[in-house]
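Trainee: Protein chains in written order, with my numbering: chain A, 1 to 552; chain B, 1 to 90. Don't be surprised by glycine CBs; every beta carbon is placed ideally from N, CA and C. Note that the structure is predicted; figures quoted are calculated from it, not measured.
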Amino acid sequence: MTNSQIILKGTKASEGVGIGKLFKIEYSAIYNQKNKEALDILHSLKEKLINKIHLLKNLDSNTSQIFEIYDAILNDPYFENLITKYINQNLSLSEAINKTVSEISIQLSKTNQYMKERISDIERLSIVLQNPNTDIYKENAVICFSESLAVIDFVGIDIKNVKGVVTSSGSKISHLAIWCRNNDIPYIYNIDTTQLTNNLDAAIDLNGNLIINPTQDFLNELKLEKLQREKVITKAKQFKSKISKFKNKEIKIGANIGNVEDAYFASQMDIKSVGLFRTEFMFLAKDKPLEEEQQYKIYKESASLFSENVIIRTMDIGGDKDLSYINIKKELNPFLGIRGLRLSLKYKELFKTQLKALLRAAYDQKNICIMFPMVSIEEEINQAKAIIEELVYKMEKQGEPYRIPQIGIMIEVPSAALNAEKLIKLVDFMSIGTNDLIQYTMAMDRTNNEVDYLYQPHNNGVIKLIQNVIDACHVNNKWAGMCGAMAGELLYYPLLLEMGLDEFSMESSQTILIKMYNEYLQNHELNLLPWDDAKLNVLQESYNDFLEWAKN
Amino acid sequence: MTISKEFELTNKTGLHARPAANLVKELSNFNCNAKIVYNNKEVNAKSFISITSLGIEKGSKITVILDGPEAQEAMQTVENLINTKFGEEE
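#1: Does the distance from the CB of I311 of chain A to the CB of T279 of chain A come in under 8 Å?
#2: Can you tell me the Cα-Cα spacing of L341 of chain A and Q216 of chain A, whole angstroms?
#3: Among the candidates A:L305, A:L55 and A:G461, whose CA atom is the shortest distance from the CA of A263 of chain A?
#4: On the DSSP bridge list, what partners appear for L278 of chain A?
#5: Going along chain A in order, which residues have a C-beta closer than 7 Å to the C-beta of F48 of chain B?
#6: Using three-state DSSP, classify N198 of chain A as helix, strand or coil.
#7: With DSSP collapsed to three states, give me the class of D471 of chain A.
#8: Would you give the residue range spanned by the beta strand (DSSP E) that Q406 of chain A belongs to?
#9: Residues of chain A with a CB under 7 Å from the CB of V24 of chain B: which are they?
#10: CA-CA distance, N32 of chain A and L93 of chain A?
#11: Need the endpoints of the alpha helix (DSSP H) that C180 of chain A sits in, please.
#12: Would you mind working out which of A:A236, A:Y393, A:F239 and A:W479 sits nearest I404 of chain A, comparing C-alpha positions?
#13: In three-state DSSP terms, what is M1 of chain A?
#14: Please report how far the alpha carbon of P289 of chain A lies from the alpha carbon of I326 of chain A, in whole angstroms.
#15: If the criterion is Cβ atoms closer than 8 Å, does the pair K245 of chain A and I251 of chain A meet it?
#16: Within its chain, find whatever has a CB closer than 6 Å to the CB of K99 of chain A; leave out the 5 residues flanking it on each side and keep chain order.
#17: Does any CB atom of chain A fall closer than 8 Å to the CB of S60 of chain B?
#18: For K12 of chain B, decide whether its Cβ has a neighbour in chain A, counting only Cβ atoms nearer than 8 Å.
#19: Is the beta carbon of P214 of chain A less than 8 Å from the beta carbon of Q5 of chain A?
#20: Which bits of chain B does T111 of chain A rub up against, with CB to CB less than 8 Å?
#21: Could you give the DSSP three-state label for L81 of chain B: helix, strand or coil?
#22: Would you please verify whether the beta carbon of S304 of chain A is less than 8 Å from any beta carbon of chain B?
#23: Do I83 of chain A and S105 of chain A have their CB atoms nearer than 8 Å?
#24: For I233 of chain A, which of helix, strand or coil comes out of DSSP?
#25: Contact between the stretch 54 to 64 of chain B and the stretch 70 to 82 of chain A is defined here as three or more beta-carbon pairs at a separation below 8 Å; is this criterion met?
#26: Where does F30 of chain B sit, in a helix, a strand or coil, going by DSSP?
#27: Any idea if S431 of chain A is buried or exposed, counting beta-carbon neighbours within 10 angstroms, 16 or more meaning buried?
#28: Any C-beta of chain B within less than 8 Å: which residues of the stretch 96 to 130 of chain A qualify?
#29: Do the stretch 163 to 171 of chain A and the stretch 107 to 121 of chain A make contact, defined as three or more Cβ pairs closer than 8 Å?
#30: If we count Cβ pairs, one from each stretch, closer than 8 Å, do we get three or more for the stretch 175 to 185 of chain A versus the stretch 5 to 19 of chain A?
#31: Please go through the stretch 500 to 542 of chain A and give each complete beta strand (DSSP E) segment of 3 or more residues, from N-terminal end onward.
#32: Answer with buried or exposed for N11 of chain B, where buried requires no fewer than 16 other C-beta atoms within 10 angstroms of its C-beta.
#33: Would N199 of chain A pass as a contact of G10 of chain A if the rule is Cβ separation under 8 Å?
#34: Taking the straight line between their C-alpha atoms, what separation do you get for N35 of chain A and N88 of chain A?
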């Protein structure tokens, strides 16, 4: 009898392919001791763990940081006092440790986003402290899983047989995620680990799926993919911190982010700038609007991680993204209705709160830029700028620190692209949002699969609009960027370069591949202009040749 | 003797995580009581959890109060740590 293949969708924290048997990391020590006996055991457990931590050597700086934090907590009189307090209240040692660690985790996570993202590491201290000597040692390839895990579960052991890590709760910027990336171990989370059992055959693929009982065909394909990917990634890593150039002009390669976690992830990948911070996700996730202070902290903390521009887009609500706490009328054509800047100008209070938080954060972080989405006409830009003036007037009067940063607009509306010469006079930069620009130009609903074939970034009509935007910016000594999906697609990269685009913004993990393609193109010029979409095959061939080159 | 001094934190992450752990570690070598005052809250400067819980960010001003036989030397060490930005990379 053969078991059928099951695919579970997870979230990638460390990308890669791994094949092995499922292995549950589970510790079970429970200390029921109370009073003096409990305190004695506590001291010996603490000593064992502190010794273990001090013996760890050759860790990278990110990994050692969490152990310094463990060390600091274990040696903190506050920590011992709290445990002692609970033991005096007649709790058992295990209960007292669990309660203390959980309280401390909550307390520390409230201080800033960075500590908040470390919460899984800190919570793990409770289990590790009660099991200081447990090591995993496995002779066969394994994919380790548990409800939650931390780096300390893996140190001091031979990790060459750890082919993957799977947890229920996790984060892209936890120390475990960083450690897995540094050691090329695939790690996915958001998987219901209660469904998993020991010793089943399993695999992790590049899309962040956990495959249970993979078929032989599937495994063969995966092994091939793994081999090729390893070659490409090894090569791509050489270009990670290299400055990309085209005809002596520096090309900015930035990240698209949606929250502080993404910002940390991007900065860990050596990305220097953010071309698009989508703020609406922070609003959509909540049932009430984010307060000014919260927003201010998020913008400031995110921008502090980058040395170059961090372009923060004011909320792009409407279209396919709805807010529960404002009453937006049902529209027949929401993509052509009240969305983006149109919505912000209608619900001014939300917009003012966001702009004020941005003006304050821009004072602290000189690299912050503001960008308005879905702009059609000059009047909208003037209205938005008038609101900024009004805020500045009040802040000036109250002596609040602020700075008016560079202001840009997104170009998604075809008429705005054609009218770029006029609109650019009012702003400092333009960034092209290709997903909507293509949808509006080709009259194809991007949520309707039937018209998928009309998603054509290379179409002459679309390219003419993009060229017009780039030229209008350059004539006025301003820069043009792109933050839609097209900016991260390798296929179109050579064309956009030749057209003169200055900045490309995309998902963080895509940046190293784009940087590598940029290097490749230094010696493989295409001369695509004047463009005609019949030349798509030239782009396709170049892309194929590049992939071959990258694998070798 | 009791001495106190005000500092502005200029390192990237403020008094969190590694910088806080370093400060506590250094202070524990000295025979003195140590306190940090920030935003009208006073905590034990030899407690990592207490310091981190203050949420002290870059650009904040804190007051360090030391009391005991080695207060003088301890203050010198605190000053060095803060001035060298806790050895953090920029």
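Mentor: Looking at the atomic coordinates:
#1: no
#2: 52 Å
#3: A:L305
#4: Here residue 278 of chain A is Arg; the residue named in the question, Leu, does not match the sequence. Partner(s): A:R313.
#5: A72, I73 and D76
#6: coil
#7: helix
#8: Q406 to I411
#9: A72
#10: 6 Å
#11: H175 to N182
#12: A:Y393
#13: The predicted model places M1 of chain A with a pLDDT of 40, which falls under 50 and marks its position as unreliable, so this point remains unresolved.
#14: 9 Å
#15: yes
#16: Y86
#17: no
#18: yes
#19: yes
#20: H16, T52, S53, L54 and G55
#21: helix
#22: yes
#23: no
#24: helix
#25: no
#26: coil
#27: buried
#28: I104, Q107, L108, K110, T111, N112, Y114, M115 and R118
#29: yes
#30: yes
#31: 503 to 506
#32: buried
#33: no
#34: 7 Å
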